[in-house]
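Visitor: In terms of the working numbering, the sequence shown opens at residue 19 and continues consecutively.
Just so you know, even glycine gets a beta-carbon here, dropped at the ideal spot from N, CA and C.
Please read all numbers here as calculations on a predicted model, not as lab measurements.
Just passing along the structure, written as structure tokens.
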Amino acid sequence: MTSSKNTNSPHLENNKNSNNNSNDFQDDWSSFISEHSQDFNDIEKSKSAKEFEKHAKREDKRNIKRKEEEARKNAIRNLRIEREIFLSHGPRDNIRSSWLDVDDTMEEYSDDFVAPNPHFKNIRKSVVILWLVLLVGIAGIITSAFIPIIASIAATISIVFIIIAGVGLLMIRKDRHDNNDYSDYGNGARV
């Protein structure tokens, strides 16, 4: 590769095309300033120089304001982004997976989960009747709230149904003995 040849550089020692008699750049610059000092003073005091100075100051102020505004906008944007990472505003802003995505969630968090599969084969008739009585009692309370004419009678009967069904379900649950594989542990908690 060839190097760049700057023939105008005052620092080159072998500059044959140079009209300078001295090798010192600072001396040359000082002599140029002193020779043209009157011209520089005239230019400095001219109307166009003053207008240029005002224009330059205005542009500097605009640039400073623009940089401050950009910094403020970037700070606000960064705060907004950080807040949106943790708080989403609506369903379309949510980037995290929902707990309703059961397949993905189960695969991600646990491999040994087995969904419950209850069987309703050996349900006693007394349990079904007590649950129906409890539901009728709750429906009666709701009905008495909407129909004030029969409120006192319906509420009284509904409360009696709820009490009978609740006590009956508790008594049936209390007498229940399960024959599970956990009989070694007794009725206490497994540790």
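Please list, in chain order, all residues of the same chain as ALA173 whose beta carbon is under 6 Å from its beta carbon, the five residues on each side excluded.
Guide: By one-based count along the sequence shown, residue 173 stands at place 155. Closer than 6 Å at the Cβ level, and outside the excluded window around ALA173, lie SER162.
Visitor: Pull up the CB-CB distance for LEU182 and GLY158, whole angstroms please, since I reckon it's below 8 Å.
Guide: Residue mapping note: residue 182 aligns to position 164 of the sequence shown, counting from 1. Residue mapping note: residue 158 aligns to position 140 of the sequence shown, counting from 1. According to the sequence provided, residue 182 is Ile. The question's Leu does not apply to it. In this structure ILE182 is not in contact with GLY158, their Cβ atoms being roughly 13 Å apart against a cut-off of 8 Å.
Visitor: Using DSSP with H/G/I as helix, E/B as strand and the rest coil, what is LEU96?
Guide: Residue 96 sits at position 78 when you count from the first residue of the sequence shown. The amino acid occupying residue 96 in the given sequence is Asn; Leu does not appear at that position. Of the three classes helix, strand and coil, the one that applies to ASN96 here is helix, per DSSP.
Visitor: Roughly how many whole angstroms lie between the Cα atoms of ILE190 and VAL151?
Guide: Along the sequence shown, one-based indexing puts residue 190 at 172. Along the sequence shown, one-based indexing puts residue 151 at 133. Between ILE190 and VAL151, the C-alpha separation is close to 15 Å.
Visitor: To which residues of the same chain is GLU53 closer than 7 Å at the C-beta, ignoring the five residues directly before and after it?
Guide: Locating residue 53 in the sequence shown gives position 35, where the first residue counts as 1. Close CB contacts of GLU53 within its chain, under the 7 Å cut and outside five residues either way in sequence, are absent.
Visitor: Grouping DSSP H, G and I as helix and E and B as strand, with all else coil, what is ALA67?
Guide: Within the sequence shown, numbered from 1, the residue matching residue 67 stands at position 49. ALA67: helix per DSSP, three-state reduction.
Visitor: With distances taken from CA atoms, which of GLY155, ILE82 and PRO136 is nearest ILE171?
Guide: Here residue 171 refers to the residue found at position 153 when the sequence shown is read from its first residue. Here the closest residue by C-alpha is GLY155.
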